[in-house]
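Residue numbering for the sequence shown follows the working numbering, starting at 32 and increasing by one per position. No residue lacks a Cβ here, since even glycine has one placed at the ideal position from N, Cα and C.
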Amino acid sequence: MTTHRVAIADLGNWPSPSDGFIQRGKYNFFIIFRGRTFIFMGRMAKAIGLLLLFARVSLQQKDPLNDFCRRFGHQSCVVDSKLYIDGGQVDWNPIPANRQNYTNTWESYHDLTTSPAGVGVPQLHANLSKNSSIPDVSGAALWPDAVNKRFYLFGGDNYQDSPSVANLYSYDILYDKWDSFGTPSQGIQSVSWGAGVGISDIGQGYILGGWLSNYSVPGWNGAPFATNSLLSYDMDNQAWSNNTGPSDNAARAEGVMVYVPASDSGMLIQFGGVTVEANGTTDASPMEKINVYDVKSGKWYTQTASGSVPPTRRRFCAGAAWAPDQSSYNIYIYGGLGFGVNGPGFDDVWILSLPSFKWIPFYNGGTSGFPHNSLTCNVVGGQMLVTGGTFPLSDACDSPTTWGMHVLDMGKVSGKQWNPYNVNLTNYIVPPEVISVIGGSSTGGATATAPVNGFDNNDLGVYFTQKASIASRTASRVIPVATQSATSTAKSSSSVKITGAAIAGIAVGGGLLLSTLVLGACFLFCRKRNKAIPPNSNTTPESSNPPYPTPYSVPFSPQSQYSHAEMFKPALHYQLPTTPEPVELYGSDYLRKGQAEGEGLELSKPQPPRPRHTPGSLKSSNSDAGTHFSRSNTVGSNTIISSPTTPVYHNLGRSPPPMPPPNHF
């Protein structure tokens, strides 16, 4: 007989989760409550189990749109006219009633063809399928494939459950379902927080470096360490490659990498983050050290940048755009976590312009800014959409009305950096700040076409005179002509995450009523029969393990409202522990077929927290509540990554204190 521990303290006033257990035998359903066993037979057992399960799910279920507070550690990509958001952590509004980070189980997207009045960002929808067989991870790669109408998910840290064997998953946009593409070949392992980029035009996904740890690799027993290889996935041939990284052979993580269409087949540009020595010491990667990978030749180069070089940082985001004539390729970076005195991070925008390799400041939030990290950037036309992030110095929600999204006008068409989303701003122009450094105009004609001191390798000078010539890809499957309608149809029929008022009413009303009666009867029975049962001396706290600093740790915050144990609350996914992983993974039900069938209910056993090397967080402060960002809550001394909630962006851009919390979009 298998014992399943169930955290249902919200259904009754139990002193600790250890007071209640549920067991399922071949014929009977048991509730062991405070040392007493209550046996329910047949249909009664099944009914009680289902109602208890639905009651718990509905009580903890939140509306990802209306209850939104902050998100961070997620991954995002753009396919056609939608920006998809997967995984990461979320905080719910209001913070005082929801003081913990939750794993984001919702698959959502922003419709880039819309900009609702009074909102200022594309409309968010959270009705896509994602069932419990798909991991909910942070710091993964999300590669778009616009040709085949899907995107791929690989790697990432699993803070909620034990990590599984490395596997490539793909969301089918046309049919609103997930597919498993299997385990990578050549001993490729799952990494997290690598520098990843997916290029739909050439059908390739890349990750440089990243962490290996017991959050990402099953059975990992040692301290986390970074890798130095370049992983690539060929979307057309479904083939993996494990290639060498830059010539310094340094292990690295938490930097960024973007693609620019220079040279014959394009180039990858990588910089920032951390490098890790063989002895485990972590160093900041200099922002003037730019690694360049030529896709066609497979060669790495390093170029030294100049200009106003930004401070070193990690867990920031980046997006690339180029002049219409491709005389300049401009890489925008935002935010990030700092080092040393800059530990809390940054609220700023910098531009690295190529091929001059000049760093140019574009925006600085200054002392009134809200530094944040673990966020994403996606370029859409002439705008860069900055989504989410965790904020070490603030305790307010991140603009709930815009769901944590903020819009950078990359060309300053409006005369300022931050603006509401403009559906019609489809083309990129070079901003004045860049023109003043490299010459030319808003449409190109840059006169600075090489670094001040020349290229460190002459090959780069040749590559940047070329424009990528890429053959059109052919879809590997039949793509319906009306793909938009197919996608819409799929979405409209897939919202099955128990969010409707009817389901909530049934679950909460029926579940609470029956479960309260059952557990109340158990309680009264126990109280009458044994009024003074001593506490179980063998009970251990849910998480009694001390924090384990890692190479990618942030300074611990003893004042944090988040605890290590809270980060490991059992997920709302209930699944059969022995169900084999299917090739096609449909739907978004929390209950799988077979879970509620047979003689009774079988719940998967939540895994207790294991000793893990957990990144910490920074001390939180509420002193900047009047600025463009305001957030809420801090991460505990044992927490994962950074967890202070993200800031509130005002709908009309930035403004200085003491105005209401203003913000850029």
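With contact defined as three or more Cβ pairs closer than 8 Å, the stretch 339 to 346 and the stretch 365 to 379 are in contact. Secondary structure at I233: coil, using DSSP grouped into helix, strand and coil.
Between V438 and N450, the beta carbon gap of about 6 Å places them in contact (Cβ cut-off 8 Å). Under the DSSP definition of a beta bridge, M415 partners with V410 and L439.
According to DSSP, residue pairing for W390 in a beta bridge involves G338 and L383.
Annotated as distal: T433 and R102, with beta-carbon spacing of 9 Å or more.
Secondary structure note for V465: its alpha helix (DSSP H) is the uninterrupted segment P463 to I469.
By the criterion of a C-beta distance shorter than 6 Å, S112 is surrounded in its chain by L143 and T144, once the five residues flanking it on both sides are discounted. In this structure, DSSP gives L299 an extended state, which the three-state scheme calls strand. Annotation: the continuous alpha helix (DSSP H) that includes G492 extends over N489 to Y494.
If the five residues before and after S507 are omitted, its C-beta is found closer than 7 Å to the C-beta atoms of N179 and D267, all from its own chain and listed in chain order. Within the same chain, Cβ atoms closer than 8 Å to the Cβ of N252 are found at N245, the five residues on either side in sequence being excluded. Within its own chain, no residue has a Cβ closer than 8 Å to the Cβ of A502 once the five positions on either side in sequence are excluded.
A distance of 9 Å or more separates the beta carbons of C408 and I469. Going by C-alpha positions, F486 is about 18 Å away from G297.
A distance below 6 Å between beta-carbons, with the five flanking residues on each side excluded, links E464 to the following residues of its chain, in chain order: I391 and F393. Counting of Cβ neighbours within 10 angstroms places T275 among the exposed residues, the total staying below 16. Assignment of G227 by DSSP, reduced to helix, strand and coil, places it in the strand class. Going by beta carbons, N361 and L385 fall inside the 9 Å limit.
In the DSSP assignment, V307 forms a beta bridge with A282 and T313. Within its own chain, the residues whose Cβ lies closer than 8 Å to the Cβ of G475, once the five positions on either side in sequence are excluded, are A354, P355, D356, Q357, S358, S359 and V461, listed in chain order. According to DSSP, residue pairing for E138 in a beta bridge involves L159. In the same chain as G446, and ignoring 5 residues on each side of it, no C-beta atom comes closer than 7 Å to its own. Counting only runs that start and end inside the stretch 355 to 379, the beta strand (DSSP E) elements of at least 3 residues fall at 360 to 365. Q106: member of the beta strand (DSSP E) spanning Q106 to V110, first to last residue.
Relative to S278, the option among I219, Y324, L424 and Y264 whose CA is nearest is Y324. Annotation: the continuous beta strand (DSSP E) that includes M288 extends over V287 to V291. By the CB criterion at 9 Å, P215 and Y140 fall outside the cutoff. In this structure, G236 places its C-beta atom within 9 Å of the C-beta atom of W174. Closest in alpha carbon position to V248, among P342, A309, I219 and V287, is I219. If the five residues before and after S272 are omitted, its C-beta is found closer than 6 Å to the C-beta atoms of S263, all from its own chain and listed in chain order. With a contact defined as Cβ atoms closer than 8 Å, F256 and V305 miss out at about 11 Å. Contact annotation, A315 with F388: C-beta distance approximately 19 Å; criterion of less than 8 Å not satisfied. For N322, the uninterrupted beta strand (DSSP E) segment begins and ends at K320 to D325.
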